[in-house]
Amino acid sequence: MATLNLSNATKSYGDVDVIKGIDLDIADGEFVVFVGPSGCGKSTLLRMIAGLEDITAGELKIDGERCNERAPKDRGIAMVFQSYALYPHKSVYENMAFGLRLAKRPKDEIDAKIREAAGILQMEHLLERRPSQLSGGQRQRVAIGRAIVRNPKVFLFDEPLSNLDAALRVSMRREIARLHGELDATMIYVTHDQVEAMTLADRIVVLDGGVVQQVGRPMELYNRPQNVFVAGFIGSPKMNFFQGEITGTQADSITVTTPATAAVAVPVTSNATPETGRAVTMGIRPEHLSVADDGTAPGFTGTIVLVERLGDESLLEIALSDGTEVIAKVAGGGSEAAGDTIRLTFDPAHLHLFDADGERIG
Ligand SMILES: Nc1ncnc2c1ncn2[C@@H]1O[C@H](COP(=O)(O)OP(=O)(O)OP(=O)(O)O)[C@@H](O)[C@H]1O
Ligand SMILES: [Mg+2]
C-alpha cells in the first residue's frame with residue numbers, strides 16, 4: 016500500500032506536449048480512475064507512473080520517495096493491460112509464477128501466493144490450463160492474478176475490460192471493486208467508459224488534452240461539473256446544452272433566457288455575480304427532463320425525431336425550432352412517437368450554467 020504524488024508531471028515527444036503539468040495526490044488505499052476521450056493522455060500518464068515512459072519534467076513520488084529515475088521493477092507497482100499479455104505456451108500457474116521466479120522467490124512462497132491469488136479470483140480450477148483454453152474474462156483474471164502475486168504497493172490498470180463483452184464487463188467490474196475492498200491496495204484505473212469510472216472510483220480524474228479538467232468523487236462530478244467538458248463527459252446520454260444570455264441577476268439566482276426556453280431563474284449557490292447581457296451555456300441532463308407538465312414548471316416545446324425504447328426507459332431525440340437537438344430520458348412504456356410535438360419541463364435546481372469560457376457559474 017502506498018501514497019502517490021505527481022507534481023507538474025509533464026511528458027513531451029519532441030515538441031509535442033502530451034501531458035501538460037499534472038498535479039495529483041493519491042492517498043493510501045485509494046481507487047483513482049483516469050477518464051477522458053481517446054488520445055487525452057490516460058495511458059501515457061499511467062505509463063509514466065509505471066516507469067514505461069520517461070517523465071520529461073516534474074516529479075513522481077511513491078510513498079514519499081522520488082521515483083522518476085527508478086526502474087519499473089523497483090517501483091513496487093504492477094500493471095494490468097487491456098491486451099492481457101500472457102505467455103501462450105505457459106500454464107496459468109506458470110504465467111502467474113513467472114515474475115516471482117525471475118525474482119528468485121522460494122518455491123513454497125511462490126506456490127502459496129499463487130494459490131491465494133487464485134482463491135481471491137476464483138480460478139483454482141484453471142491453474143493448469145493454457146491461455147488459449149480460457150475465455151476472455153478468465154484470461155483477464157490471470158493477468159490480474161499475476162499482478163496480485165507480486166504484492167505491489169500500487170496496482171495500475173489500463174482499460175483492462177475493453178476486450179470483454181458487455182455482461183462480462185459488468186461482472187469483472189464488480190470483481191475488481193471486490194478485489195480493491197479485499198486487498199485494500201492503492202489502485203489507478205484507466206478507462207474511457209464513464210460507467211466504470213463512476214462505479215469503481217473513490218475519485219475520478221477527468222483528463223482532456225493532457226490537462227486535468229476536474230478531480231472529484233463520482234457524484235461531485237455528476238452534480239457539480241466544473242466546466243462544459245466535464246459536464247458533457249460525465250453522464251450518459253450526455254448533458255443537453257442551450258446557448259443563451261443572462262437577462263437578470265438576483266441574490267440567489269441568475270435569470271437566463273435562451274431561444275428555446277422563456278426566462279428561467281437558475282438557482283446558484285456560490286457568490287457568482289455575472290453581468291446581465293453575458294453569453295452563457297445552460298445545461299440539463301436528459302434524465303432531468305420530464306414529460307409531466309403542471310403548467311407552471313419551465314420547459315420548452317419541440318418535435319420528436321426519434322424514440323429509442325430501452326424497456327424501463329425511453330430516449331427521446333427532440334428537435335427544437337431553433338435547430339437545437341435535445342435528448343430526454345423518460346419512463347418507458349409511454350406512447351411518444353416520432354413526429355409528435357412534445358413539451359418537456361424541468362426543475363431549475365437541475366440546471367447547470369457555464370460562462371463563455373466554459374467554466375461553471377454558481
Ligand atoms: N511515441 C509517441 N510520439 C508522439 N506522440 C505520442 C506517442 N505516444 C503517444 N502519443 C500521443 O500522445 C497522446 C496521448 O496518448 P495516450 O495513448 O496516452 O492516449 P489515451 O488517453 O490512452 O487514449 P486511448 O483512450 O485511445 O487509449 C495521443 O495524442 C498520442 O497520439
Ligand atoms: Mg490508452
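Quick note on the working numbering: the sequence shown kicks off at 16 and runs consecutively. For each residue, glycine too, the CB sits at the ideal point set by N, CA and C. As the structure is a prediction and not an experimental result, all values here were calculated from the model.
Rounded to whole angstroms, what's the CA-CA distance from residue i to residue j? Just pull it up for me.
i: Ser98; j: Ala275; result: 47 Å
i: Gly348; j: Ile64; result: 49 Å
i: Asp223; j: Ala133; result: 37 Å
i: Gly292; j: Lys35; result: 34 Å
i: Val210; j: Ile319; result: 27 Å
i: Arg375; j: Gln241; result: 5 Å
i: Pro233; j: Ile219; result: 6 Å
i: Pro107; j: Phe113; result: Looking at the sequence itself, residue 107 is Val, so the reference to Pro does not match. Taking the straight line from one Cα to the other gives about 10 Å.
i: Ala118; j: Asp89; result: 11 Å
i: Ile191; j: Leu198; result: 10 Å
i: Thr296; j: Arg161; result: 48 Å
i: Ala334; j: Ile342; result: 9 Å
i: Leu183; j: Asp362; result: 37 Å
i: Arg144; j: Leu176; result: 21 Å
i: Gly152; j: Glu131; result: 19 Å
i: Phe256; j: Lys168; result: 42 Å
i: Asp69; j: Leu366; result: 43 Å
i: Thr316; j: Thr360; result: 9 Å
i: Ile37; j: Ala352; result: 48 Å
i: Thr272; j: Val221; result: 30 Å
i: Ile299; j: Arg188; result: 29 Å
i: Thr262; j: Leu321; result: 33 Å
i: Cys381; j: Ala307; result: Outside the modelled stretch of the chain, which goes from 16 to 377, sits residue 381, for which no answer is possible.
i: Ala371; j: Asp32; result: 26 Å
i: Ala364; j: Glu235; result: 15 Å
i: Ser150; j: Leu39; result: 36 Å
i: Ala17; j: Phe170; result: 10 Å
i: Phe172; j: Thr264; result: 47 Å
i: Ala42; j: Thr356; result: 52 Å
i: Pro87; j: Leu179; result: 28 Å
i: Arg205; j: Val95; result: Arg is not the amino acid found at residue 205; the sequence shown has Val there. Using only the alpha carbons, I get a separation of about 10 Å.
i: Gly54; j: Gln148; result: 33 Å
i: Pro313; j: Gly259; result: 15 Å
i: Gly56; j: Met213; result: 19 Å
i: Ser58; j: Thr25; result: 13 Å
i: Gly79; j: Leu215; result: 25 Å
i: Lys165; j: Arg116; result: In the sequence as displayed, the identity of residue 165 is Arg instead of Lys. Going from the Cα of Arg165 to the Cα of Arg116 covers about 11 Å.
i: Gly250; j: Phe244; result: 11 Å
i: Leu331; j: Asp337; result: 18 Å
i: Ile163; j: Leu61; result: 18 Å
Run through the DSSP bridge pairs and tell me what residue i is partnered with.
i: Ile319; result: Ile333
i: Gln26; result: Inspection of the sequence shows that residue 26 is occupied by Lys rather than by Gln. Answer is Ile34, bridged to Lys26.
i: Tyr204; result: Val48, Phe172
i: Lys105; result: The partner list for Lys105 (beta bridge, DSSP) is empty, contrary to what the question assumes.
i: Ala133; result: DSSP lists no partner for Ala133.
i: Val227; result: Leu222
i: Arg296; result: A quick correction: the sequence has Thr, not Arg, at residue 296. DSSP lists Gln258, Phe369 as partners of Thr296.
i: Arg145; result: According to DSSP, which records beta bridges pairwise, Arg145 is partnered with nothing at all.
i: Gly314; result: Thr360
i: Arg324; result: Ser329
i: Ser305; result: Thr360
i: Glu340; result: Ala334
i: Arg375; result: Phe369
i: Ala280; result: Thr270
i: Val345; result: Ser329
i: Asn178; result: Partner(s): none; Asn178 has no beta bridge.
i: Asn20; result: Asp40, Lys76
With a cut-off of 9 Å, does the C-beta of residue i fall near any C-beta of chain C?
i: Thr206; result: Given the protein chain composition of this structure (a single chain), no chain C is represented.
As a quick check of your reading: which residues have a C-beta less than 6 Å from at least one non-hydrogen atom of ligand 1, in chain order?
Chain-ordered list of matching residues: Tyr28, Val31, Val33, Gly51, Ser53, Gly54, Cys55, Gly56, Lys57, Ser58, Thr59, His207.
Quick check on the DSSP output: what are the complete beta strand (DSSP E) runs of length 3 or more inside the region 240-273, in order along the chain?
The region 240-273 is shown to contain whole beta strand (DSSP E) runs of 3 or more residues at 255-264, 268-272, in chain order.
Is there contact between the region 99-109 and the region 148-162, where contact requires at least three CB pairs shorter than 8 Å?
Yes, the region 99-109 touches the region 148-162.
Does the pairing of the region 192-212 with the region 50-59 give three or more beta-carbon distances under 8 Å?
Counting Cβ pairs under 8 Å, three or more are found: they touch.
Completely contained beta strand (DSSP E) runs for the region 59-113, where each covers 3 or more residues
72-77, 92-95, all fully within the region 59-113.
Counting pairs of beta carbons, one from the region 57-77 and one from the region 123-130, are three or more of them closer than 8 Å?
Flag = no, the region 57-77 and the region 123-130 do not touch.
Quick check: the region 276-284 against the region 302-309, are at least 3 beta-carbon pairs closer than 8 Å?
Segments in contact, no.
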